[in-house]
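J.: Handing you this structure, nothing more for now.
Dropping the structure here:
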């Protein structure tokens with residue numbers, strides 16, 4: 001299978017691979033001039049190119065042909081998930097969500113979120129490698145760690161949910177409308193604080209459950225993501 | 001929250017915690033006589049007990065009261081998944097599938113399965129800790145690494161699917177009937193071999209897709225699991 005490289009600034013003609021990708025091509029894979037490679041810009045374009053200049057410092061490819069792919073979904077999927085204490089759990093979520101299909105991931109800082117900083121650069125690397133692995137063309141947007149109040153202040157889709165362990169919550173599977181853009185919030189271990197759930201309800205978020213059992217934050221986020229993606233493709 | 005311990009052979013009266021659980025209780029958590037603990041037998045029973053004899057060698061608890069929980073689903077979910085080269089990916093799948101809800105997991109040996117042995121003992125430990133974490137009472141059955149032909153020779157539910165990257169496959173989301181027991185097979189990297197898909201079709205397995213993109217084995221298995229679980233709870 002053709003090696004794929006991520007190249008956000010791709011035009012026709014000659015392209016310089018980003019430093020990390022160039023290093024992987026030349027130092028790890030040891031690709032040489034003449035080698036055919038695939039290029040993804042993460043915004044729908046997939047190109048076939050040929051390496052024309054390879055050195056320790058740089059890796060230049062000539063685009064032979066490129067195809068623009070439409071967005072993968074009619075309705076956008078936005079996951080906003082309380083950042084987890086263990087960064088690897090959140091990075092795992094990103095890998096899986098990118099494979100299954102998601103448009104935007106926001107690591108949330110909530111009142112009960114364990115501190116521990118979100119390494120967005122690492123998250124983006126994980127997303128890019130999942131993009132290549134799953135042969136997708138659209139890279140989801142990955143936000144920096146955002147306070148819940150900042151996210152709510154945004155222009156969000158009308159279809160808004162938050163996972164909540166409450167007997168009044170309705171099943172997410174019944175509530176989700178695959179025809180409309182959606183934003184789904186998943187809280188931290190210990191759930192959203194009452195002040196937060198109040199703010200969410202006031203702002204038109206619907207409280208939903210993802211099954212009867214207690215799910216880890218990243219598990220709940222992935223279950224919701226899988227449901228939405230399969231509802232749209234099903 | 002009360003510490004939970006797995007205790008498969010639990011009757012009323014006095015119970016000896018299994019060695020690993022006893023070690024965790026006494027050496028890690030340093031629980032003492034008089035401590036209240038929770039016990040799970042993995043077959044629906046959850047008991048509250050009190051430690052009555054604690055030594056380096058053993059940990060004995062007196063069951064105070066126990067509750068038998070019915071099975072969590074009307075229709076059983078059986079995942080049979082090609083074993084992955086990286087054991088941690090399969091163990092991760094087990095953790096997540098137990099959280100989301102599954103009744104049986106079979107690690108499959110297929111023609112294209114990377115060798116590398118399946119550590120069922122480790123898988124069971126992962127399943128037990130996920131059981132406790134998700135506050136469930138039923139532990140899924142985890143099979144040893146099984147050849148595909150052995151699984152097919154079993155008495156399996158009538159609702160049978162296998163994930164397959166084929167244009168003739170139908171969307172799993174449309175096919176799955178949450179009212180009936182189901183077995184879902186997920187192939188290895190590189191998919192099932194033609195001889196295997198032939199054997200599956202002959203044996204009444206329906207070829208399904210889990211969305212348009214190429215999913216890793218464990219990701220496909222988890223997406224199918226989440227779909228089935230949410231269809232039953234939704």
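Chains as they are written, first to last, in the numbering used here: chain C, 1 to 234; chain S, 1 to 234.
C-beta: ideal position from N, C-alpha, C; glycine also.
Here the structure is a predicted model, which is why all the values come from computation and not from measurement.
1. Residue 103 of chain S: buried (16+ other C-beta within 10 angstroms of its C-beta) or exposed?
2. Could you list which residues in chain B have their beta carbon closer than 7 Å to that of residue 219 of chain S, in chain order?
3. Quick one: what does DSSP say residue 184 of chain C is sitting in, helix, strand or coil?
4. Give me the residue from C/84, C/30, C/82 with the minimum Cα distance to residue 58 of chain C.
5. If you draw a straight line from the alpha carbon of residue 162 of chain C to that of residue 187 of chain C, how long is it in whole angstroms?
6. With burial defined as no fewer than 16 other Cβ atoms inside 10 Å of the residue's Cβ, what is the status of residue 191 of chain S: buried or exposed?
7. Are at least three pairs of beta-carbons, each pair with one atom in the segment 31 to 50 of chain S and one in the segment 136 to 148 of chain C, less than 8 Å apart?
8. So what does residue 207 of chain S bridge to, in DSSP terms?
9. Which residues, in chain order, does the segment 162 to 178 of chain S contribute to contact with chain C at a C-beta distance below 8 Å?
10. Who are the neighbours of residue 211 of chain S on chain C, taking C-beta pairs under 8 Å?
11. Can you have a look at residue 41 of chain S and say buried or exposed, based on whether 16 or more other CB atoms are within 10 angstroms of its CB?
12. Under 8 Å, with one C-beta from each stretch per pair, do the segment 39 to 56 of chain C and the segment 74 to 84 of chain C reach the 3-pair mark?
13. Cβ closer than 8 Å: which chain C residues qualify as neighbours of residue 136 of chain S?
14. Can the beta-carbon of residue 37 of chain S be found closer than 8 Å to that of residue 10 of chain S?
15. Going by C-alpha distance, which of S/13, S/231, S/125 is nearest residue 63 of chain S?
16. Assuming residue 208 of chain S contacts residue 172 of chain S (C-beta within less than 8 Å), just tell me the rounded distance between them.
17. Against residue 133 of chain S, what residues of chain C qualify as contacts under a CB-to-CB distance less than 8 Å, listed in chain order?
18. I want to verify the contact list: residues of chain S whose CB lies under 8 Å from the CB of residue 222 of chain C, in sequence order.
19. Take residue 93 of chain S and list the residues in its own chain whose beta-carbon comes closer than 7 Å to its own, dropping the five residues that flank it on each side.
20. Please classify residue 235 of chain S: does DSSP put it in a helix, a strand, or coil?
21. So residue 215 of chain C and residue 95 of chain S are supposed to be a Cβ contact under 8 Å. How far apart are they, rounded?
22. Going by the DSSP bridge assignment, what does residue 65 of chain C pair with across the sheet?
23. Are the beta-carbon atoms belonging to residue 120 of chain C and residue 144 of chain C less than 8 Å from one another?
24. Give the secondary structure of residue 118 of chain S by DSSP, where H, G and I count as helix, E and B as strand, and everything else as coil.
25. Just mark residue 230 of chain C as buried or exposed, buried being the case when its beta carbon has 16 or more other beta carbons within 10 Å.
26. Residues of the segment 65 to 93 of chain S in Cβ contact with chain C at a cutoff of 9 Å, in chain order, please.
27. I'd like to know whether the C-beta atoms of residue 123 of chain C and residue 72 of chain C end up nearer to each other than 8 Å.
28. When you compare only the Cα positions, how much space is there between residue 61 of chain C and residue 166 of chain C?
29. Three-state secondary structure (DSSP) at residue 194 of chain C?
30. Should residue 8 of chain S go down as buried or exposed, given a rule of 16 or more other Cβ atoms within 10 Å for buried?
31. What are the partner residues of residue 5 of chain C, as DSSP defines its beta bridges?
32. Can you tell me the Cβ-Cβ gap for residue 181 of chain S and residue 75 of chain S, rounded? I've got them flagged as a contact below 8 Å.
33. When DSSP labels each residue in this structure, what does residue 146 of chain S get in the three-state scheme?
34. Just to confirm, is the Cβ distance from residue 111 of chain S to residue 196 of chain S under 8 Å?
35. Return the CA-CA distance between residue 204 of chain S and residue 68 of chain S, expressed in angstroms with no decimal places.
T.: Looking at the coordinates:
1. Residue 103 of chain S counts as buried, since at least 16 other C-beta atoms from the protein chains shown sit within 10 angstroms of its C-beta.
2. Structure shown: chain B not included; protein chains present are C and S.
3. Residue 184 of chain C carries a strand assignment under DSSP once its states are collapsed to helix, strand and coil.
4. The shortest CA-to-CA distance from residue 58 of chain C to any of C/84, C/30, C/82 is the one to C/30.
5. When rounded, the distance between both Cα atoms is 8 Å.
6. Classification for residue 191 of chain S: buried.
7. In short, these stretches do not touch, since the Cβ pair count stays below three.
8. The partner list for residue 207 of chain S (beta bridge, DSSP) reads S/162.
9. Those residues of the segment 162 to 178 of chain S that come within reach of chain C (Cβ to Cβ, closer than 8 Å) are 171, 172, 173, 174.
10. In chain order: 100, 101, 229, 230, 233.
11. With 16 or more other Cβ atoms within 10 Å, it is buried.
12. Cβ pair count under 8 Å is below three, so no.
13. For a Cβ distance threshold of 8 Å, residue set 213 of chain C lies close to residue 136 of chain S, ordered along the chain.
14. Result no, Cβ atoms of residue 37 of chain S and residue 10 of chain S do not sit closer than 8 Å.
15. It is S/13 whose Cα lies nearest to the Cα of residue 63 of chain S.
16. Rounded, the Cβ-Cβ distance is 4 Å, consistent with contact.
17. By Cβ distance, chain C contributes 214, 216.
18. Residues of chain S passing the Cβ test: 96, 222, 226.
19. Within the same chain, and ignoring the five residues on either side of residue 93 of chain S in sequence, the residues whose Cβ sits closer than 7 Å to its Cβ are 81, 218, 221, 222.
20. In this structure chain S extends from 1 to 234, so residue 235 of chain S is not present and cannot be described.
21. The pair is not a contact, with the Cβ atoms about 11 Å apart (cut-off 8 Å).
22. Partner(s): C/48.
23. Result yes, Cβ atoms of residue 120 of chain C and residue 144 of chain C sit closer than 8 Å.
24. Correct three-state label for residue 118 of chain S: coil.
25. So residue 230 of chain C ends up on the buried side.
26. So the list reads 72, 92, given in the order they occur along the chain.
27. No, the pair does not count as a contact, with Cβ atoms beyond the cut-off.
28. Cα to Cα, residue 61 of chain C sits roughly 55 Å from residue 166 of chain C.
29. Residue 194 of chain C: helix per DSSP, three-state reduction.
30. Here residue 8 of chain S is exposed: its Cβ has fewer than 16 other Cβ atoms, across all protein chains shown, within 10 Å.
31. Partner(s): C/39.
32. Between residue 75 of chain S and residue 181 of chain S the Cβ distance is about 5 Å, and since that is below 8 Å, they are a contact.
33. When DSSP states are grouped into helix, strand and coil, residue 146 of chain S belongs to the strand group.
34. Here residue 111 of chain S is near residue 196 of chain S, since their CB atoms are less than 8 Å apart.
35. Going from the Cα of residue 204 of chain S to the Cα of residue 68 of chain S covers about 36 Å.
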